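Chemist:
Number of protein chains: 2
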Amino acid sequence: MRLATVDHETGRTAAVLHEGAWHALPAADLSAFLATTPPERATALAGEALRDAVPVLPLPAPGKVICCGLNYADHIRETGRELPAHPTLFAKYADTLTGPEADLLLPPDLQVDWEAELAVVVGATLRHADREAALAGIAGYTAANDISVRDWQYRTLQWFQGKAWDASTPVGPVVVTPDEMDPAAGVEVICRVNGEEVQHDTTRTLVFDAADLLAYISAFTVLRPGDLVLTGTPGGIGAARDPQRFLADGDVVETEIPGIGTLRNTVRSAR
Amino acid sequence: MRLATVDHETGRTAAVLHEGAWHALPAADLSAFLATTPPERATALAGEALRDAVPVLPLPAPGKVICCGLNYADHIRETGRELPAHPTLFAKYADTLTGPEADLLLPPDLQVDWEAELAVVVGATLRHADREAALAGIAGYTAANDISVRDWQYRTLQWFQGKAWDASTPVGPVVVTPDEMDPAAGVEVICRVNGEEVQHDTTRTLVFDAADLLAYISAFTVLRPGDLVLTGTPGGIGAARDPQRFLADGDVVETEIPGIGTLRNTVRSAR
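Residue numbers (the working numbering), protein chains in the order written: chain A, 1 to 271; chain B, 272 to 542.
In structure tokens, the structure reads:
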């Protein structure tokens with residue numbers, strides 16, 4: 001099953017894909033839908049087929065967006081670190097997110113870098129969850145790019161200020177439910193810049209998988225339906241290249257996860 | 272002016288202190304009040320005097336809770352670091368906060384530490400704010416204790432997982448408006464554990480003051496009315512003592528800022 005928030009001829013709504021067409025769900029967006037309804041009820045609740053439906057940011061109002069850094073064995077090696085015993089976690093806010101085709105408006109002269117990631121959408125209230133409960137509490141998977149402002153990320157010890165620029169993390173285009181996607185078996189995560197492939201890995205090499213991350217986070221804070229957990233990025237980031245490469249005005253970043261779709265975002269310099 | 276969220280004889284409400292009594296404001300809590308109303312209108316909107324009013328967590332629903340680490344010259348020295356060029360920032364969520372008299376329920380055997388702090392309450396929408404706009408956008412000041420789980424904080428490079436335990440950061444008891452309090456001129460920040468003073472400093476020694484922090488943060492993300500910015504803790508934390516000292520079941524942490532009041536929280540071990 002594919003869930004999304006879509007813009008259509010007469011408005012915006014949560015929606016489910018059925019026989020090739022988006023059908024309205026009874027909620028303003030997918031955040032609102034998941035807050036009240038288990039995702040498996042979507043098919044039964046599907047309403048009219050929508051005209052000219054285009055997926056937008058699927059989850060506009062997550063209470064939490066928690067990200068894991070250093071989670072692919074090869075990306076960990078490119079940063080010169082050893083495999084970790086615990087996931088490295090940092091936070092974003094709902095304001096950090098943006099849509100699958102949105103321009104990324106950022107001031108010029110920043111070291112803007114790409115980080116294609118598989119994102120986990122929480123589908124249940126999780127606190128002190130074990131792996132089994134965490135796995136059962138996954139609503140689905142989507143794509144994200146944890147666009148990072150490296151110079152701000154490394155101004156201090158804490159990455160947050162390089163990771164939480166408003167409308168800098170594209171997410172979408174759709175949420176695929178776990179019955180159709182198993183990242184433990186391997187899901188490809190691909191990033192292209194102006195058509196050139198810069199990242200390409202599979203989630204089989206994740207040190208901490210989706211259920212690990214949800215269970216670990218739930219030891220200290222509650223996760224609720226519609227919250228997002230980003231699983232980390234594979235090797236190939238611009239900051240780790242020699243010479244380093246950063247995004248500039250007009251660069252097009254594509255984040256592809258086969259089975260989910262492609263985010264296509266253009267960097268726009270704006271003061 | 273003193274603003275709060277109070278529990279009273281018949282419910283919970285935003286409130287303003289007037290002639291020694293809490294008077295109801297037309298909002299369910301101070302988060303809801305600030306979301307719609309400039310704080311300076313509180314006196315004009317004050318309703319009936321409330322019976323048995325007791326301040327609770329003043330801001331139950333901030334969209335953002337952003338914290339500055341390493342901001343007092345003496346605390347920076349005790350961690351062995353140099354004075355920073357940029358504020359070290361990390362994030363909490365609304366779930367991290369708890370009330371001024373709440374028990375702090377945490378699993379046993381964690382390295383739980385205190386960090387008394389002055390917190391800034393945002394009163395306007397701030398984005399790309401300069402110092403002047405940031406200063407004008409401060410609704411008031413309150414007290415907070417950035418209770419930190421040191422072993423989790425230092426499991427990885429990112430502090431977030433030691434700083435975002437649910438209901439671990441007491442805030443309150445009241446919000447004092449800037450016409451009655453000027454941290455730049457010096458506000459005392461005091462922490463006591465079981466009656467023993469463990470931190471005592473003045474905000475005159477802050478490297479980045481309230482306006483600096485709001486302006487800096489607003490360069491990358493919007494701040495909205497009711498958001499909280501914690502300004503960092505002075506020297507005297509338990510982890511920097513020799514031997515180190517952490518909080519255990521039954522320990523009482525008092526966080527006092529004269530002019531604002533005292534948070535009094537008891538640590539309770541709970542699985």
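Backbone N, C-alpha and C fix where the C-beta goes; we use that ideal spot for every residue, glycine too.
Just so it is clear, the structure is predicted and the values come from calculations on it, not from any experiment.
Please determine, among Trp-152(A), Leu-230(A), Asn-145(A), the residue with the shortest C-alpha to C-alpha distance to Asn-71(A).
Modeler: What you label residue 71(A) is simply residue 71 of the first sequence in a count that begins at 1. If we check each option's Cα against that of Asn-71(A), Leu-230(A) comes out closest.
Chemist: In chain B, which residues lie with their C-beta within 8 Å of the C-beta of Val-222(A)?
Modeler: For this step, residue 222(A) is matched to residue 222 along the first sequence. Close partners of Val-222(A) in chain B (Cβ separation under 8 Å): Asp-366, Asp-437.
Chemist: Can you tell me whether DSSP reads Asp-179(A) as helix, strand or coil?
Modeler: Taking the first sequence and counting its residues from 1, one reaches residue 179(A) at position 179. If DSSP states are grouped into helix, strand and coil, Asp-179(A) belongs with the helices.
Chemist: Roughly how many angstroms separate the alpha carbons of Asp-146(A) and Leu-328(B), rounded to a whole number?
Modeler: Position 146 of the first sequence, counted from the first residue, corresponds to residue 146(A). Position 57 of the second sequence, counted from the first residue, corresponds to residue 328(B). Going by the C-alpha atoms only, they are around 33 Å apart.
Chemist: Within the same chain, show all residues whose beta-carbon is closer than 8 Å to that of Phe-90(A), passing over the 5 residues directly before and after it, in chain order.
Modeler: Numbered from 1 along the first sequence, position 90 holds the residue referred to as residue 90(A). Contacts found: Ile-66, Cys-67, Gly-69, Gln-158, Trp-159, Phe-160, Lys-163.
Chemist: Residues of chain A with CB closer than 7 Å to the CB of Gln-432(B), please, in chain order.
Modeler: By one-based count along the second sequence, residue 432(B) stands at place 161. Within 7 Å Cβ-Cβ: Leu-89, Phe-220.
Chemist: In this structure, does DSSP put Lys-335(B) in helix, strand or coil?
Modeler: Counting from one through the second sequence, the residue named residue 335(B) turns up at place 64. In the structure shown, Lys-335(B) sits in coil (DSSP, three-state: anything other than H, G, I, E or B).
Chemist: Evaluate Gln-199(A) with the Cβ neighbour count: other Cβ atoms within 10 Å of its Cβ, from every protein chain shown; 16 or more gives buried, anything less gives exposed.
Modeler: Walking along the first sequence from the start, residue 199(A) turns up at place 199. Counting of Cβ neighbours within 10 angstroms places Gln-199(A) among the buried residues, the total reaching 16 or more.
Chemist: Have a look at the DSSP bridge pairing and note the partners of Gly-218(A).
Modeler: Reading the first sequence from its first residue, position 218 is the one you call residue 218(A). Going by the sequence as given, residue 218(A) is Ser instead of Gly. None; Ser-218(A) has no bridge partner.
Chemist: How many whole angstroms separate the CB atoms of Lys-64(A) and Tyr-364(B), which I take to be in contact at a CB cut-off of 8 Å?
Modeler: On the first sequence, position 64 is the one that residue 64(A) refers to. On the second sequence, position 93 is the one that residue 364(B) refers to. Right, their Cβ atoms sit about 6 Å apart.
Chemist: Using a beta-carbon distance below 8 Å, is His-75(A) in contact with chain B?
Modeler: One-based indexing of the first sequence puts residue 75(A) at position 75. It does not; no Cβ of chain B falls within 8 Å.
Chemist: Rounded to the nearest angstrom, what separates Ala-511(B) and Leu-518(B) at their Cα positions?
Modeler: Here residue 511(B) is taken as the residue at index 240 of the second sequence, counted from 1. Here residue 518(B) is taken as the residue at index 247 of the second sequence, counted from 1. Their backbone Cα atoms lie some 14 Å apart in a straight line.
Chemist: Taking 8 Å as the threshold (beta carbon to beta carbon), is Leu-428(B) in contact with chain A?
Modeler: Position 157 of the second sequence, counted from the first residue, corresponds to residue 428(B). With 8 Å as the cut-off, Leu-428(B) counts as an interface residue toward chain A.
Chemist: Taking the alpha-carbon positions, what's the Phe-220(A) to Arg-516(B) distance?
Modeler: For the purposes of this step, residue 220(A) is identified with residue 220 of the first sequence, where counting begins at 1. For the purposes of this step, residue 516(B) is identified with residue 245 of the second sequence, where counting begins at 1. Straight-line Cα distance between these residues: approximately 22 Å.
Chemist: List, in chain order, every chain B residue whose beta-carbon is nearer than 9 Å to that of His-86(A).
Modeler: Residue 86(A) sits at position 86 when you count from the first residue of the first sequence. Result: Trp-423, Arg-426, Thr-427, Gln-432.
Chemist: From this set, Ile-190(A), Trp-22(A), Tyr-216(A), Leu-104(A), which residue's C-alpha is nearest Val-175(A)'s C-alpha?
Modeler: As a working mapping, residue 175(A) is identified with position 175 in the first sequence. In terms of CA proximity to Val-175(A), Trp-22(A) leads the group Ile-190(A), Trp-22(A), Tyr-216(A), Leu-104(A).
Chemist: If distances are taken between C-alpha atoms only, which option among Gly-20(A), Glu-115(A), Ala-49(A) comes closest to Pro-234(A)?
Modeler: For the purposes of this step, residue 234(A) is taken as the residue at position 234 of the first sequence. Here the closest residue by C-alpha is Glu-115(A).
Chemist: Could you check whether Ala-144(A) and Ala-185(A) sit closer than 8 Å to each other, using their CB atoms as the reference points?
Modeler: Locating residue 185(A) in the first sequence gives position 185, where the first residue counts as 1. Locating residue 144(A) in the first sequence gives position 144, where the first residue counts as 1. For Ala-185(A) and Ala-144(A), no; Cβs fall outside 8 Å.
Chemist: With Ser-540(B) as the anchor, note down where its beta strand (DSSP E) starts and where it stops.
Modeler: Residue 540(B) sits at position 269 when you count from the first residue of the second sequence. Taken as a continuous stretch (DSSP letters only), the beta strand (DSSP E) holding Ser-540(B) covers 532–540.
Chemist: Beta strand (DSSP E) containing Glu-117(A): first to last residue?
Modeler: In the first sequence, the residue the question calls residue 117(A) occupies position 117. Counting along the chain, the beta strand (DSSP E) containing Glu-117(A) begins and ends at 116–122.
Chemist: Using a beta-carbon distance below 8 Å, is Gly-340(B) in contact with chain A?
Modeler: On the second sequence, position 69 is the one that residue 340(B) refers to. Yes, Gly-340(B) lies at the interface with chain A (some Cβ there is under 8 Å from its Cβ).
Chemist: For Gly-63(A), which residues in chain B fall below 8 Å Cβ to Cβ?
Modeler: As a working mapping, residue 63(A) is identified with position 63 in the first sequence. Those are Tyr-364, Ala-365, Asp-366, listed as they occur along chain B.
Chemist: How far does the beta strand (DSSP E) with Ala-313(B) in it extend, from its first residue to its last?
Modeler: As a working note, residue 313(B) is residue 42 in the second sequence. Segment 313–316 is the alpha helix (DSSP H) holding Ala-313(B); no beta strand (DSSP E) there.
Chemist: Between which residues of its own chain and Asp-278(B) is the CB-CB distance below 6 Å, once the five residues before and five after are set aside?
Modeler: Position 7 of the second sequence, counting from 1, holds the residue named residue 278(B). Excluding sequence neighbours, Asp-278(B) sits near Val-325, Val-327.
Chemist: To the nearest angstrom, report how far apart Pro-170(A) and Gly-370(B) are at their CA atoms.
Modeler: Here the question's residue 170(A) lines up with position 170 in the first sequence. Here the question's residue 370(B) lines up with position 99 in the second sequence. C-alpha separation (whole angstroms): 35 Å.
Chemist: Which residue from Pro-173(A), Ala-215(A), Asp-29(A), Leu-3(A) puts its Cα closest to that of Pro-258(A)?
Modeler: Position 258 of the first sequence, counted from the start, is the residue given in the question as residue 258(A). Selected option, being the one with the closest Cα: Pro-173(A).
Chemist: Out of Val-538(B), Glu-527(B), Arg-539(B), which one is the CA nearest neighbour of Ser-388(B)?
Modeler: Numbered from 1 along the second sequence, position 117 holds the residue referred to as residue 388(B). Note on identity: in this sequence residue 388(B) is Glu, with Ser being the wrong assignment. Looking at the Cα atoms, Glu-527(B) is the closest of the given residues.
Chemist: Of all the options Ala-410(B), Glu-525(B), Thr-367(B), which has the alpha carbon lying nearest to the alpha carbon of Leu-485(B)?
Modeler: Here residue 485(B) refers to the residue found at position 214 when the second sequence is read from its first residue. The residue with the shortest Cα to Cα distance from Leu-485(B) is Ala-410(B).
Chemist: May I ask you to list the residues that DSSP assigns as paired with Pro-170(A)?
Modeler: The residue given as residue 170(A) occupies position 170 in the first sequence. Looking at the DSSP assignment, Pro-170(A) forms a beta bridge with Thr-98(A).
Chemist: Grab the span of the alpha helix (DSSP H) containing Gly-162(A) for me, first residue to last.
Modeler: Counted from its first residue, the first sequence places residue 162(A) at position 162. Taken as a continuous stretch (DSSP letters only), the alpha helix (DSSP H) holding Gly-162(A) covers 160–163.
Chemist: Once DSSP output is grouped into helix, strand and coil, what is the label at Pro-39(A)?
Modeler: The sequence position of residue 39(A) within the first sequence is 39, counting from 1. DSSP places Pro-39(A) in helix when its eight states are reduced to three.
Chemist: Which of the three DSSP states, helix, strand or coil, is assigned to Ile-508(B)?
Modeler: By 1-based counting over the second sequence, the position of residue 508(B) is 237. The answer is coil: DSSP assigns Ile-508(B) none of H, G, I, E or B.
Chemist: Between the Cα of Thr-266(A) and the Cα atoms of Gly-20(A), Leu-126(A), Leu-104(A), Thr-79(A), which residue gives the shortest distance?
Modeler: Numbered from 1 along the first sequence, position 266 holds the residue referred to as residue 266(A). Out of Gly-20(A), Leu-126(A), Leu-104(A), Thr-79(A), Leu-104(A) has the C-alpha closest to the C-alpha of Thr-266(A).
Chemist: Could you check where the alpha helix (DSSP H) with Ala-344(B) kicks off and where it finishes?
Modeler: Position 73 of the second sequence, counted from the start, is the residue given in the question as residue 344(B). Unbroken alpha helix (DSSP H) run through Ala-344(B): 344–349.
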